[in-house]
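Beneath this line is the structure, given in structure tokens, with notes to follow.
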Amino acid sequence: MYFKYPEQVRKAIYTTNAVEAVHRQFRKLTKTKGGFANENALLKLLYAGMLKASEKWTHPVQNWNGVVDQISHLTY
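Under the numbering used here, read the sequence shown as residues 1201 to 1276, first letter to last.
Structure below.
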């Protein structure tokens, strides 16, 4: 399935890794905690961590406009 996408789209997929970066950030924030008082406490921690992490995510995807154009024309 991956190789059905045009080259620009494939490159955006394997160089971005946004989902993995978010998951890694969540693991880093929660792995040392024994527990949380309630669900809201966990959500606040994750939200604050994402704000801090998003400051580091400044690397743009090359040729993003071309990738978006190709994705919009894909048929499944």
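For each residue, glycine too, the CB sits at the ideal point set by N, CA and C.
The region 1240-1257 and the region 1220-1230 touch, with no fewer than 3 CB-CB distances between them shorter than 8 Å. Cβ neighbours of Ile1271 within its own chain (closer than 8 Å, five residues either side excluded): Val1209. Assigned with DSSP and collapsed to three states, Gln1208 falls in helix.
For Ala1253, the enclosing alpha helix (DSSP H) begins and ends at 1239-1254. In the three-state reduction of the DSSP assignment, Trp1257 falls in the coil class, being assigned neither a helical nor a strand state.
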